[in-house]
Amino acid sequence: VTAASFIACGYALAEQGQFILTSRPANWAEEINSIVAVAGLSGMGALSLTLNQMRIANGHKSDAMKDALTGLLNRRALFDDPLDVAPAGTAVVMMDLDYFKTINDRFGHDSGDRILMAFAELIRANIRINDLAARMGGEEFCIIMPDSTPKSSAAVADRIRSQIEATSIQTASGPVRATVSAGIAVRSVEPETLQSLLNRADAALYEAKASGRNRVEISSFSLAA
């Protein structure tokens, strides 16, 4: 039985690519219990159980950093410390679906949720692997893009804008279309925190809304007061 346990657990770990413990137990008593369990059973079965418990705990932490509806990061995950100085070339793109409350009121919240999920998928399809995307709350989304310029980040934002405008989203109430406005801030040479970039991107988003919506605006390089 012990040999079979070794083989089965070894195969499972190889399949999952998990060969090390990714987190320590919560306290010393838990650690001692885990060691005793492994030593007492003299097999990988107990270790597999311990690894599985740790994996579940890590999964809960991961879930807490994600938006439940869209699967994107949430605001807390994106801005763990907004006072950190952003590296030069960091772009913050704020996006807000236009007239979303009207869509919810007219077609229902289920249809609104479908639009949010479809928009999240468009974001995923248009960003790089090292970019970060989050749903900030409601119909507001944010993308952080390292190694970017105003031109490159605006190109991505405008591509997403044009794609959502051209997409007919199927909902229980029938096909629904939506548009989005975006504001962009990019850190240049001067040191700037993520919070400052977010504030400037928000201001640019406001300008996009005030200028007729369904457009992308880029912030000036002057830092927010």
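Residue numbers (our numbering): 1444 to 1668. Where a beta carbon is used, it is the ideal one built from N, C-alpha and C, also for glycine.
- In this structure, DSSP gives Asn1573 a state outside helix and strand, which the three-state scheme calls coil.
- The beta carbons of Ala1520 and Met1538 sit no closer together than 7 Å.
- In this structure, DSSP gives Thr1513 a state outside helix and strand, which the three-state scheme calls coil.
- The straight-line gap separating the alpha-carbon atoms of Val1528 and Met1560 is approximately 31 Å.
- In the same chain as Ile1627, and ignoring 5 residues on each side of it, the C-beta atoms closer than 8 Å to its own belong to Ala1534, Val1535, Val1536, Met1537, Pro1593, Ser1596, Ala1597, Ala1600, Ala1644, Ala1647, Val1659, Glu1660, Ile1661, Ser1662, in chain order.
- For Glu1582 against Phe1543, the beta-carbon gap comes to about 4 Å, under 8 Å, which counts as contact.
- Excluding five sequence positions before and after Gln1606, the CB atoms of its chain that fall closer than 6 Å to its own CB belong to Leu1565, given in chain order.
- The three-state reading of DSSP puts Pro1593 in helix, counting H, G and I together.
- The beta carbons of Asp1590 and Gly1532 sit closer together than 7 Å.
- Counting along the chain, no alpha helix (DSSP H) covers Phe1584; the unbroken beta strand (DSSP E) around it starts and ends at 1583-1588.
- When secondary structure is reduced to three states using DSSP, Val1599 falls in the helix class.
- With a cutoff of 7 Å on beta-carbon distance, Asp1510 and Asn1517 are scored as near each other.
- The residue among Arg1602, Ile1558, Asn1657, Gly1514 with its C-alpha nearest the C-alpha of Gly1617 is Ile1558.
- Straight across, the Cα-Cα distance linking Thr1610 with Arg1656 is about 17 Å.
- Short of 6 Å from the beta carbon of Lys1652, and not among the five residues preceding or following it, lie these beta carbons of its own chain, in chain order: Ser1624.
- Residues of the same chain with a CB within less than 6 Å of the CB of Ala1615, apart from the 5 flanking positions on each side, are Asp1553 in chain order.
- The continuous stretches of alpha helix (DSSP H) do not include Glu1660, which lies in the beta strand (DSSP E) extending over residues 1659-1661.
- The Cβ atoms of Leu1515 and Ala1576 lie closer than 7 Å to each other.
- Spatial neighbours of Thr1622 in its own chain (CB-CB distance under 6 Å, excluding positions within 5 residues in sequence) are listed in chain order as Asp1541, Glu1608, Asn1657.
- For Ile1572, the number of other beta carbons within 10 angstroms of its own is below 16, and it is reported as exposed.
- Under the DSSP assignment, Thr1545 falls outside any beta strand (DSSP E), being part of the alpha helix (DSSP H) whose first and last residues are 1543-1550.
- If the five residues before and after Leu1640 are omitted, its C-beta is found closer than 7 Å to the C-beta atoms of Ala1529, Thr1533, Val1535, Ala1628, Arg1630, all from its own chain and listed in chain order.
- Arg1578 is the residue among Arg1578, Asn1547, Asp1548 whose C-alpha sits nearest the C-alpha of Phe1562.
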